[in-house]
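**Student:** Residue 119 in this note's numbering sits at position 49 of the sequence shown, and the numbers go up by one each step. Quick reminder that beta carbons are idealized off the backbone N, C-alpha and C, glycines included.
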Amino acid sequence: MSKYVVMAGWDDVPHLDEQTKKDLYASIPPYQRDARSKGIPQLGSGAIYPVPESEIVCKPFEIPRYWPRCYALDVGWNRTAAIWGARNLDEDKVFLYAEHYRSQAEPAIHAASIRGRGAWIPGVIDPAARGRSQVDGTRLIEQYSDLGLLLAPAENAVEAGLYAVWERLSDGRLFVFNSLQTF
Numbered sequence: 071m072s073k074y075v076v077m078a079g080w081d082d083v084p085h086l087d088e089q090t091k092k093d094l095y096a097s098i099p100p101y102q103r104d105a106r107s108k109g110i111p112q113l114g115s116g117a118i119y120p121v122p123e124s125e126i127v128c129k130p131f132e133i134p135r136y137w138p139r140c141y142a143l144d145v146g147w148n149r150t151a152a153i154w155g156a157r158n159l160d161e162d163k164v165f166l167y168a169e170h171y172r173s174q175a176e177p178a179i180h181a182a183s184i185r186g187r188g189a190w191i192p193g194v195i196d197p198a199a200r201g202r203s204q205v206d207g208t209r210l211i212e213q214y215s216d217l218g219l220l221l222a223p224a225e226n227a228v229e230a231g232l233y234a235v236w237e238r239l240s241d242g243r244l245f246v247f248n249s250l251q252t253f
């Protein structure tokens with residue numbers, strides 16, 4: 071059996087005039103523009119922001135104690151991930167400085183790792199964690215809170231979140247320590 075891949079962009083579609091193309095392009099999030107206008111496939115993984123890594127990666131430094139910090143947590147059996155950020159209020163810059171990424175471990179293991187980076191640091195968790203665990207029927211958000219994590223449900227507005235990150239990346243207000251290997 072043979073397979074063929076055909077890429078078709080807007081220039082290959084005769085019924086789209088230039089003004090329609092401009093209007094469509096302006097209405098599409100930046101991370102989707104090549105896929106939609108040029109037919110360049112995106113397979114659901116990899117970079118979604120066209121920002122060179124060299125512009126956002128920085129060497130780790132000691133974060134001042136007075137910078138606000140938080141982390142984001144996404145839980146699951148196949149992988150649980152957390153990422154920590156600190157904000158320089160004077161310059162309105164955010165630095166992602168630590169991460170936790172582990173698969174197939176109990177919540178107590180993840181919680182211990184997260185608390186180890188500062189039990190006082192508040193976090194946000196995927197609101198889907200309000201649902202029940204497949205393992206024992208407990209609510210994961212409650213279970214992680216009971217394990218000593220200061221958690222609140224995150225806003226789950228995907229497009230708004232993507233735009234907020236894109237804006238910070240574009241104007242030099244979001245940086246990532248080069249020590250974050252999974253990120």
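Looking only at DSSP bridge pairs, what is residue 193 linked to?
**Tutor:** Counting from one through the sequence shown, the residue named residue 193 turns up at place 123. Its beta-bridge partners are 141, 221.
**Student:** Identify which residue in 181, 124, 72 has its Cα closest to the Cα of residue 217.
**Tutor:** Taking the first residue of the sequence shown as position 1, residue 217 is located at position 147. Among 181, 124, 72, the Cα nearest to that of residue 217 is on 181.
**Student:** Between 130, 231, 213, which lies nearest to residue 119 when the distance is taken from Cα to Cα?
**Tutor:** Against the sequence shown, residue 119 aligns to sequence position 49. The candidate whose alpha carbon is nearest that of residue 119 is 231.
**Student:** Along the chain, where does the alpha helix (DSSP H) containing residue 185 start, and where does it finish?
**Tutor:** Position 115 of the sequence shown holds residue 185. 177-185 is the span of the alpha helix (DSSP H), which, as asked, contains residue 185.
**Student:** Just to check my reading of the structure: residue 110 and residue 143 have Cβ atoms closer than 8 Å, yes? What is that Cβ distance to the nearest angstrom?
**Tutor:** Position 40 of the sequence shown, counted from the first residue, corresponds to residue 110. Position 73 of the sequence shown, counted from the first residue, corresponds to residue 143. About 33 Å; that fails the 8 Å criterion.
**Student:** Between which two residues does the beta strand (DSSP E) holding residue 157 run?
**Tutor:** Start at 1 with the first residue of the sequence shown, and residue 157 comes out as number 87. Where residue 157 is concerned, the enclosing beta strand (DSSP E) stretches over 150-158.
**Student:** Assuming residue 127 contacts residue 246 (C-beta within less than 8 Å), just tell me the rounded distance between them.
**Tutor:** Residue 127 sits at position 57 when you count from the first residue of the sequence shown. Residue 246 sits at position 176 when you count from the first residue of the sequence shown. So it is a contact: roughly 6 Å between Cβ atoms.
**Student:** Using DSSP with H/G/I as helix, E/B as strand and the rest coil, what is residue 76?
**Tutor:** Translated into positions along the sequence shown, residue 76 becomes position 6. In the structure shown, residue 76 sits in coil (DSSP, three-state: anything other than H, G, I, E or B).
**Student:** So, is residue 149 buried or exposed, given that buried needs 16 or more other C-beta atoms within 10 angstroms?
**Tutor:** Indexing the sequence shown from 1 puts residue 149 at position 79. When all chains shown are included, residue 149 counts as exposed.
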